[in-house]
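Undergrad: Protein chains in written order, with the numbering used here: chain A, 14 to 181; chain B, 14 to 181; chain C, 3 to 507; chain D, 3 to 507.
Heads up, the beta-carbon is just placed ideally off N, CA and C, and yes, glycines get one too.
#1: With DSSP run on the structure shown, which of helix, strand or coil describes residue 237/C?
#2: Does DSSP classify residue 107/B as helix, strand or coil?
#3: Can you confirm whether residue 469/D, when its beta carbon is compared against all beta carbons of chain B, has any partner nearer than 8 Å?
#4: Go through its chain and collect everything with a Cβ distance to residue 271/C's Cβ below 6 Å, but skip five positions before and after it.
#5: Please state the DSSP three-state secondary structure of residue 352/C.
#6: With residue 19/A as the anchor, note down where its beta strand (DSSP E) starts and where it stops.
#7: Determine, using beta carbons only, whether residue 216/C and residue 165/C come nearer to each other than 8 Å.
#8: Can you tell me the Cα-Cα spacing of residue 103/D and residue 50/D, whole angstroms?
#9: Please give the ranges of any alpha helix (DSSP H) in the region 363-448 of chain D, keeping only runs that are unbroken, at least 4 residues long and fully inside the region.
#10: Output yes if chain D places a C-beta closer than 8 Å to the C-beta of residue 190/A; else output no.
#11: With a cut-off of 8 Å, does the C-beta of residue 309/C fall near any C-beta of chain D?
#12: Within the same chain, show all residues whose beta-carbon is closer than 7 Å to that of residue 288/D, passing over the 5 residues directly before and after it, in chain order.
#13: On the DSSP bridge assignment, give the partners of residue 23/A in chain order.
#14: Give the C-beta separation of residue 260/C and residue 245/C to the nearest angstrom, bearing in mind that I take them to be a contact with Cβ-Cβ under 8 Å.
#15: In its own chain, which residues sit with a C-beta less than 6 Å from the C-beta of residue 293/D, not counting the 5 before and 5 after it?
#16: Could you check where the beta strand (DSSP E) with residue 222/D kicks off and where it finishes?
#17: According to DSSP, residue 149/A sits in a beta bridge with which residue or residues?
#18: Which whole-angstrom value describes the C-beta separation of residue 69/A and residue 469/C, a residue pair presumed to lie in contact below a C-beta threshold of 8 Å?
#19: Looking at the secondary structure, which residues open and close the alpha helix (DSSP H) in which residue 74/C lies?
#20: Is the region 87-104 of chain D close to the region 56-67 of chain D, with three or more CB pairs under 8 Å?
#21: From residue 350/C to residue 239/C, what distance separates their C-alpha atoms?
#22: I need the DSSP call for residue 284/C, collapsed to helix, strand or coil.
#23: Which of the residues in the region 52-65 of chain B, read from start to end, lie with their CB under 7 Å from any CB of chain C?
#24: If you drop the 5 nearest sequence neighbours on each side, which residues of the same chain put their C-beta closer than 8 Å to that of residue 424/D?
#25: Using CA atoms only, rank isn't needed, just tell me which of 96/C, 476/C, 21/C and 59/C is closest to residue 39/C.
#26: Please compile the residues from chain C whose C-beta is within a distance smaller than 9 Å of the C-beta of residue 68/B.
#27: Listing by chain order, which chain D residues have their CB less than 9 Å from the CB of residue 304/C?
#28: Could you check the C-alpha separation between residue 485/D and residue 374/D for me, to the nearest Å?
#29: I'd like to know if the region 395-405 of chain C and the region 325-337 of chain C are in contact, where contact means that at least 3 CB-CB pairs between them fall below 8 Å.
#30: In the structure shown, what three-state DSSP assignment does residue 46/C receive?
#31: Threshold first: 3 residues or longer. Then list the beta strand (DSSP E) segments lying entirely within the region 264-336 of chain C, N to C.
#32: Residues in the same chain with beta-carbon distance under 7 Å from residue 255/D, minus the five sequence neighbours each way, listed in chain order, please.
#33: Which residues bound the alpha helix (DSSP H) around residue 144/C?
#34: Mind the definition here: the region 294-301 of chain C touches the region 196-210 of chain C only if three or more C-beta pairs lie below 8 Å; say whether that holds.
#35: Going by the CB atoms, is the gap between residue 442/C and residue 364/C shorter than 8 Å?
#36: By the three-class DSSP mapping on this structure, what secondary structure does residue 181/B have?
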């Protein structure tokens, strides 16, 4: 299995091969590494690389686009590019101009909506208010424009990253 | 789903029914109980029965015949009799007379075998020695008889309950 | 009397904390829960549990009437309110008294005397205790506010008398700001606390927040159990607390402690309570307010005194006289607590409720964790974001810091964002090591540029890349066998064998 | 000097314990492991890890040569031996000295002086310390054994000079038993310890086992850190330990402590060590033996003194003079430790290695767990059965007992048998509550009939039956969807919804 991974600001090519005895070989960016792997339980590995020990823990994020591993205490978000990988996804790129979709910055509940469809808004103007864990947060318009659509209603619970409104 | 269960010295009939709304109804020995169930994670339940709270934890034993649950700190071994249940098994009954199979009382390693096939042994005579965790344990003949078969060799690792020898 | 059954009118780690104390005394516990808390730990570990209502606190944990009804129905002798929710609600305490259910805390009367900040300031004056200059009654007009501010000198703090947790508080640097602040603070106070009473006090320059734990029985005995320093705050919310304070010596401790005891006794206070002070750099201390309940940060006091505050609360509520005298209270070693929150320090500290998909907890010498969550638990969005309290004890402050950092290295919370990284940053900061902290310390640290990223060695990055690849590999493997994201025992075995053969070279 | 890197020549909880201390000091750690320990926690939490060899200790953790080679190759400054394995091996300590790798423990010379029980008895005489009557040299003949036994009076104990952990020990009640015992003990000692030296001592009637923790630096300073009572034993193996002893007052503590310090100083002892005594009911104490290493039960001393023994060991090994004086050592509160073993108290205490399929660990106030295992770990059959040490601290002995019982209630270890139930039985025993314990206490308790089964209320039995049924139901459900024994997220969700609707009525 060969895969490309974007992690810690680098793009790496990793080949994992099953050797004849059922074991693995790893070639990272063309360089073969001596790696000893032990899975303690699902998603928790002990890696020994040149004698150094690393505790690698999968975060097990529910969202596919948001994969991360911990090495010791450090969190590394990553993105796979292997077409065979289940988790490989392209992120939708927001175009710079054109309509912009307002997304929820945190999971929460919509407590107030400050505009109505058709309103003109300027960049930085509050569009609606989310509340979670006793903290209110005003979601602001990213640009000057018109409120094309409101996708949520007051009282509605939203997840992080959920679309809230479209500004044209 | 209806099942029979032997637990804490009692045989109980339990009917679990899925109600129309996807919920459950429990009838235990003909009596309907008000039970509120919440699974915290696989094998860990919170039960509320008439307001009392119980933490029920599945032991997740690897051996099918050896199922147990903990209620709080107390361990309850149980045996299912539901033919639909995966785990329902009949225990093989050792016949009182006739050949007797010596079983390992603990997982361990066979360190010495004290008899050879064909030897006459009396009840209580040591047949072999198992070692685990720095403790040696002599496995003894359960009856007067002849060593019909030795099923293990010195140095061999055995699991708890594994057959070691047959005494006729 | 000895309680047979206690209802715990709270949730999260504090509910579990109280349940554990009850179990240690052979007292049965009654838990209450809202709909989103049915699977919470405090329900799992209780002896009885009853539903309160929907998620919103106003329909569940704040419903004193329902809670009292459950207490009576279940035959509870007493109610422990924890902190937050109904813990400082004098009406609820009074309703308990009337219903013959013991409220584990001060009397409604003492709570009223010390609960309002203005009344507490009057009590401080009566007890002859230093407080910040300013008004001791609600301001009736902007004109009065102007006069007071003029007299004590700017900058001043405008505060809600009924406030708490940093809400309804405003710093006013110059006279021109007073008008706008006065009106908005009043209406904000009215909305948040149902009272528009506000007052003014002088702002102390770079103060430390140092508070005294007091404990009073119902027979007139009152002790102080040393101080806690809680200067590391963000938006007036405590983030890290420690005991003892690095700058409080025995003499100052005694002066502050005796002042706090005097205040408690003046108000007829009973049970555990905290008297908060601001401390300036000249060792002058100023009464700030009183918390008429157990504090979040009580464990640091427990670790340095060797006492158990919840047991002592129950002793007192059972009517026992305190078995300790002031000279029995010895402080030893140093304890530091981190409040682990579901919030994202890298994204404006936004709340981060959701499912905890991974939880590895630290342990070993000197580590105590009072945790209210578990792997698989979905942190609801409806309450306070506190997940857990991680506390380290060690012989010295320096070792306690090192120990907390070690514990943080072991700690993994996955699936939601949390503030573990913030603690690392603070605990590794030189200013914090030197105990050069005040209530604005953390804001300065956070504004002083983004965290210096721990240097990531190429080796660690390689490990991360390989770890991620291995993980994807195991995901693909299990996907192809159709077994979901958890590898089957067979697959795990295959991995193990692979590891044992020390292959991959 | 300050160590940069320490190799830990051990496994299990003690290896992790030492790793944690090193991490707190910024010292890198090197773990070693046998083939069955590749996935062990002490490997996971180390900075570097190297394979020693096959499972058998003689081919792995006892291979001093390999360990020293790894130390040199990895650039470790020092080796911490933990307890057991090479920790009391003077030849290994000497090899470390020669190789310029600091052995964290006493010098080989001091270890030899106190490691052999007969030589230690001579040292005790030299230090003017009371010891059990009997020989101070190996017995050369049965005839000599007869004479000694006659002189000190039966019953006597025949012991291996090189023995430990209760092995090679025999009680001889009358002269007729001496002949057979003498020969078998000699050959057993030869087999187990490579030395057939045996000696005789008078058996003390119903003694308590009380030991003194000592700590000596390399500059001639030596302290005692109070006592531990370890009278609860099975087959001369400690099961429960506590500090302080319920029967040792300040005066007796001082006498025993000073005697222990004298012995250590006579032998030129450095680092942490333990001097074991038998204590009779008249407060007479008799020197028993010395353990020239950190003890399993060191945490109870840490909790009552507030100190950290592993840090202190490293300080001493780094050549630092002790920063403490005897008058700084204060005992506060009470600590009790349970040694959690993979053994089956209901089946003759047979070992129970195997996979831990379920692990729920206790926490909260006053609980420390030094644990070497995790859920999913397969406990190997090749070593000591200790899984974990559960330790409770509380202001009083009574509260510590209650707290341990509370923690045991929270604790679940599934998949293998363990002795949690034994601790419940002891901690609930009246004799133990009254501290009426001696080294035969546990045998009497276990022989006094089987455990009184905790009464199982019909309600609990019903909960168990329903729990089992629900479990089978979820197994069947997942079987029918082909997802193995772990319910899928969807199924879990279905359960949750079922729960929320409060159905099942």
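TA: From the atom records:
#1: On the third chain, residue 237/C is found 235 positions in, with the first residue counted as 1. In the structure shown, the three-state DSSP call for residue 237/C is coil.
#2: Reading the second chain from its first residue, position 94 is the one you call residue 107/B. Any answer about residue 107/B is weak, because its pLDDT of 42 lies below 50 and its placement is not dependable; what the coordinates show is given next. The answer is coil: DSSP assigns residue 107/B none of H, G, I, E or B.
#3: Position 467 of the fourth chain holds residue 469/D. Residue 469/D has a beta carbon lying within less than 8 Å of a beta carbon in chain B.
#4: Numbered from its first residue, the third chain carries residue 271/C at position 269. Excluding positions up to five away in sequence, the list reads 108, 112 and 218.
#5: By one-based count along the third chain, residue 352/C stands at place 350. Annotated three-state conformation of residue 352/C is strand, per DSSP.
#6: Numbered from 1 along the first chain, position 6 holds the residue referred to as residue 19/A. 15-20 is the span of the beta strand (DSSP E), which, as asked, contains residue 19/A.
#7: Numbered from 1 along the third chain, position 214 holds the residue referred to as residue 216/C. Numbered from 1 along the third chain, position 163 holds the residue referred to as residue 165/C. Taking 8 Å as the cut-off, the Cβ atoms of residue 216/C and residue 165/C do not count as close.
#8: Counting from 1 along the fourth chain, the entry for residue 103/D is found at position 101. Counting from 1 along the fourth chain, the entry for residue 50/D is found at position 48. For residue 103/D and residue 50/D, the distance between alpha carbons rounds to 17 Å.
#9: As far as the region 363-448 of chain D is concerned, its whole alpha helix (DSSP H) runs of at least 4 residues are 399-412, 422-429 and 432-435.
#10: A query on residue 190/A cannot be resolved here, the shown segment of chain A reaching from 14 to 181 and no further.
#11: Working through the third chain from its first residue, we reach residue 309/C at position 307. So, interface residue.
#12: Position 286 of the fourth chain holds residue 288/D. Excluding residues up to 5 positions away in sequence, 132, 133, 134, 206, 279 and 280 lie with their Cβ nearer than 7 Å to the Cβ of residue 288/D in the same chain.
#13: Working through the first chain from its first residue, we reach residue 23/A at position 10. The partner list for residue 23/A (beta bridge, DSSP) reads 20/A.
#14: Numbered from 1 along the third chain, position 258 holds the residue referred to as residue 260/C. Numbered from 1 along the third chain, position 243 holds the residue referred to as residue 245/C. Residue 260/C to residue 245/C, Cβ: 18 Å. No contact.
#15: By 1-based counting over the fourth chain, the position of residue 293/D is 291. Closer than 6 Å at Cβ, skipping near neighbours: 276.
#16: Numbered from its first residue, the fourth chain carries residue 222/D at position 220. Element bounds for residue 222/D: n/a, residue is neither H nor E.
#17: Indexing the first chain from 1 puts residue 149/A at position 136. Note: residue 149/A sits in a beta bridge opposite 144/A.
#18: One-based indexing of the first chain puts residue 69/A at position 56. One-based indexing of the third chain puts residue 469/C at position 467. Going by Cβ atoms, the distance from residue 69/A to residue 469/C rounds to 3 Å, so yes, they are a contact pair.
#19: The count along the third chain starts at 1 and reaches residue 74/C at position 72. 66-76 is the span of the alpha helix (DSSP H), which, as asked, contains residue 74/C.
#20: Yes, the region 87-104 of chain D is in contact with the region 56-67 of chain D.
#21: Along the third chain, one-based indexing puts residue 350/C at 348. Along the third chain, one-based indexing puts residue 239/C at 237. Taking the straight line from one Cα to the other gives about 15 Å.
#22: Translated into the one-based positions of the third chain, residue 284/C becomes position 282. The three-state reading of DSSP puts residue 284/C in coil, since its state is none of H, G, I, E or B.
#23: Listed by position, the residues of the region 52-65 of chain B near chain C (Cβ gap below 7 Å) are 53, 54, 59, 61, 64 and 65.
#24: Taking the fourth chain and counting its residues from 1, the one referred to as residue 424/D is at position 422. Closer than 8 Å at Cβ, skipping near neighbours: 241 and 347.
#25: In the third chain, residue 39/C corresponds to position 37, counting from 1. Looking at the Cα atoms, 59/C is the closest of the given residues.
#26: For the purposes of this step, residue 68/B is identified with residue 55 of the second chain, where counting begins at 1. Near residue 68/B (Cβ distances below 9 Å), the residues of chain C are 46 and 47.
#27: Here the question's residue 304/C lines up with position 302 in the third chain. Per Cβ cutoff of 9 Å: 367 and 368.
#28: In the fourth chain, counting from the first residue as 1, residue 485/D sits at position 483. In the fourth chain, counting from the first residue as 1, residue 374/D sits at position 372. Residue placement at residue 485/D is flagged as unreliable, the pLDDT there being 38, under the threshold of 50; a coordinate-derived value is accordingly withheld.
#29: Contact between the region 395-405 of chain C and the region 325-337 of chain C is present, because at least three Cβ pairs lie under 8 Å.
#30: For the purposes of this step, residue 46/C is taken as the residue at position 44 of the third chain. If DSSP states are grouped into helix, strand and coil, residue 46/C belongs with the helices.
#31: List check, beta strand (DSSP E) in window: 273-281 and 287-293.
#32: Here residue 255/D refers to the residue found at position 253 of the fourth chain. Excluding residues up to 5 positions away in sequence, 228 and 229 lie with their Cβ nearer than 7 Å to the Cβ of residue 255/D in the same chain.
#33: Taking the first residue of the third chain as 1, we reach residue 144/C at position 142. First-last of the alpha helix (DSSP H) with residue 144/C: 144-154.
#34: Segments in contact, no.
#35: Within the third chain, the letter at position 362 stands for residue 364/C. Within the third chain, the letter at position 440 stands for residue 442/C. Going by C-beta atoms, residue 364/C is not nearer than 8 Å to residue 442/C.
#36: On the second chain, residue 181/B is found 168 positions in, with the first residue counted as 1. If DSSP states are grouped into helix, strand and coil, residue 181/B belongs with coil.
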